[in-house]
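*Asks:* Per this note's numbering, residue 94 is the first one in the sequence shown, and the count goes up by one each step. Provided herewith is a single structure, encoded as structure tokens, for subsequent inquiry.
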Amino acid sequence: MAVYLVVLAWVILLKMELSLDVVGTIRSVNLIPLAGATVINGATDYREVVQNVLAFAPFGLYLGMLQGGRSPWRALAAIAAVSLSFEALQFAFSLGATDVTDLIANTLGGALGLALYALVRRALRSEARVLRIANAVALAVTVFMLALVGLLLAANW
94 MAVYLVVLAW
104 VILLKMELSL
114 DVVGTIRSVN
124 LIPLAGATVI
134 NGATDYREVV
144 QNVLAFAPFG
154 LYLGMLQGGR
164 SPWRALAAIA
174 AVSLSFEALQ
184 FAFSLGATDV
194 TDLIANTLGG
204 ALGLALYALV
214 RRALRSEARV
224 LRIANAVALA
234 VTVFMLALVG
244 LLLAANW
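In structure tokens form, the structure reads like this:
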């Protein structure tokens, strides 16, 4: 989870840049949901919303693994708080657009991850089996993501 959160912060705050040149370059606020969606050839493009949902789904999975049967509402509140923190940091350090749509999409992604974990736990009827499978998948995805980050770093040096 720590590796995931570091990569997530790098993607959201530094826009995958290797330098701090992005700091202080962009500051905007959008408080109207879906108002910042891009229009391409007359059609609204929701790719960024979908990307935010997908980016935060693993967060929900990880919290599902870590919460140990506690209330999913606490995990969902933690996901929303982390997303809100990222948005506030973007504004404070002029790192990008602070957007309520991102907050909603990120929280939805985390909720989907929590729901997926709960569904698998219910289908397998064993917390221990679910944790073994989830840990194996998380390890594979983490290794894959670290390899991609390594390739990106190597290509830019």
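By construction, the Cβ of each residue, glycine as well, lies at the ideal position given by its N, Cα and C atoms. The model shown is predicted, which means the values in this text are computed figures rather than measured ones.
In the DSSP assignment, what residue or residues form a beta bridge with asparagine 123?
*Replies:* DSSP lists Asp192 as partners of asparagine 123.
*Asks:* State the Cα-Cα distance for the pair phenylalanine 184 and glycine 117, rounded to the nearest angstrom.
*Replies:* Approximately 9 Å between the Cα atoms of the pair.
*Asks:* Please list the terminal residues of the continuous alpha helix (DSSP H) segment that includes valine 146.
*Replies:* Start and end: 140 to 160.
*Asks:* When the Cα of asparagine 199 is compared with those of Ala190, Ser121 and Phe179, which residue comes out closest?
*Replies:* Checking every option, the nearest Cα to that of asparagine 199 belongs to Phe179.
*Asks:* Going by DSSP, what residue range makes up the alpha helix (DSSP H) through serine 178?
*Replies:* Counting along the chain, the alpha helix (DSSP H) containing serine 178 begins and ends at 165 to 185.
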